[in-house]
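Student:
Residue numbers (the working numbering): 17 to 326.
1. Tell me residue 197's beta-bridge partners as DSSP assigns them.
2. Relative to the alpha-carbon of residue 89, which residue among 118, 122, 117 and 131 has its alpha-carbon at the smallest distance?
3. If you drop the 5 nearest sequence neighbours on each side, which residues of the same chain put their C-beta closer than 6 Å to that of residue 273?
4. Is it true that the CB of residue 288 sits closer than 8 Å to the CB of residue 140?
5. Could you please give the first and the last residue of the uninterrupted alpha helix (DSSP H) stretch that includes residue 213?
6. Would you mind reading off the limits of the beta strand (DSSP E) that contains residue 158?
7. CA-CA distance, residue 38 and residue 97?
8. If contacts are defined as beta-carbon pairs under 8 Å, then residue 73 and residue 64 qualify, I think. What distance do you get, rounded to the angstrom?
9. Just checking my contact of residue 154 with residue 255 at CB under 8 Å: how many whole Å lie between their CB atoms?
10. If you follow the beta strand (DSSP E) that residue 268 is part of, which residue opens it and which one closes it?
11. Per DSSP, residue 226 forms a beta bridge with which residues?
12. Between the Cα of residue 149 and those of 239, 50, 262 and 115, spot the shortest distance and give me the residue it belongs to.
13. Report the residue from 200, 24, 261 and 191 whose alpha carbon sits nearest the alpha carbon of residue 281.
14. For the candidate residues 227, 34 and 92, whose alpha-carbon lies nearest to that of residue 104?
15. Could you tell me whether the segment 292–307 touches the segment 219–237, using the rule of 3 or more Cβ pairs below 8 Å?
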């Protein structure tokens, strides 16, 4: 059996040729997830038998299953070939992919494409839960807001600067030359920032921020240095937040260039998508695709998508 992780798909056409049938897609999923030995999703230590129908049976529970059972592909009416193309496009397009573009690319309705993209983003969340150490840069950004397009008498007052009355705050952190985490937060107050940092940053890490006073509280628990942007300072020796600020530049380019306007209730999904690509930026297109398939082991329904945004 060929090593499924040595997939040579540098382009979408190469991917299409590698998976000409549904059966080819199924075999690849089995190789990625089972490594040559079927595993029951109902009892991982149970013996498994293959049936003539192509399905498998869990001996301990008596239940039948396939490699799709318990994953994002369970009960889908969309072909795996289309799923594979959608996954390859989303994991490898640096600025993302709109539901309208995906609908056109794989010949589905815009509603179906929207649903597919949210299922993909849900699986991507696993790349946004990293425990960071050593030198960690932290910064917040504001996303959205339509004040600039509103008539003067309809503008949200006091929404400039760090105010998020008309925008959604997103807090991000990057371990230098390593991984990133980012979360949509209700605000950028000291308690909110401190809770996020304590959850994902090692106590012995050194953190670097800007001059925002909200970080003073966490400075009592961590060794902290800051760069004072108000004095036109952006880097002093190793004291800088240039990496996290650069990540926000790319994120906003994705938002403005591809998605235009994001609903706040779905914003975390788009943040997860961006962080997935950022954290896997140094590996090949094929590896990003395969890494995603390893994360696709959770079923996520249309009702759950709507409920999570309620």
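Glycine included, each C-beta is placed from N, C-alpha and C at the ideal position.
Tutor: Put simply:
1. On the chain shown, position 181 is the one that residue 197 refers to. 189.
2. Working through the chain shown from its first residue, we reach residue 89 at position 73. It is 131 whose Cα lies nearest to the Cα of residue 89.
3. Along the chain shown, one-based indexing puts residue 273 at 257. So the qualifying residues of the chain are 111.
4. As a position in the chain shown, residue 140 is number 124, starting the count at 1. As a position in the chain shown, residue 288 is number 272, starting the count at 1. A contact, by the Cβ cut-off of 8 Å.
5. One-based indexing of the chain shown puts residue 213 at position 197. Following the DSSP letters along the chain, one finds residue 213 inside the alpha helix (DSSP H) bounded by residues 206–216.
6. Residue numbering aside, residue 158 sits at position 142 when the chain shown is read from its first letter. It spans 151–159 - the beta strand (DSSP E) in which residue 158 sits, taken as one unbroken run.
7. Counted from its first residue, the chain shown places residue 38 at position 22. Counted from its first residue, the chain shown places residue 97 at position 81. So the two alpha carbons sit approximately 6 Å from each other.
8. Along the chain shown, read from residue 1 onward, the residue named residue 73 stands at position 57. Along the chain shown, read from residue 1 onward, the residue named residue 64 stands at position 48. The pair is a contact, with the Cβ atoms about 7 Å apart (cut-off 8 Å).
9. Your numbering for residue 154 matches position 138 in the chain shown. Your numbering for residue 255 matches position 239 in the chain shown. Residue 154 to residue 255, Cβ: 13 Å. No contact.
10. Taking the first residue of the chain shown as 1, we reach residue 268 at position 252. Note, residue 268: premise wrong, no beta strand (DSSP E); alpha helix (DSSP H) at 258–270.
11. For this step, residue 226 is matched to residue 210 along the chain shown. 243, per the DSSP bridge assignment.
12. Mapped onto the chain shown, residue 149 falls at position 133. Answer by Cα proximity: 239.
13. Position 265 of the chain shown, counted from the start, is the residue given in the question as residue 281. Looking at the Cα atoms, 200 is the closest of the given residues.
14. Against the chain shown, residue 104 aligns to sequence position 88. Closest by alpha carbon: 34.
15. Too few Cβ pairs lie closer than 8 Å, so no.
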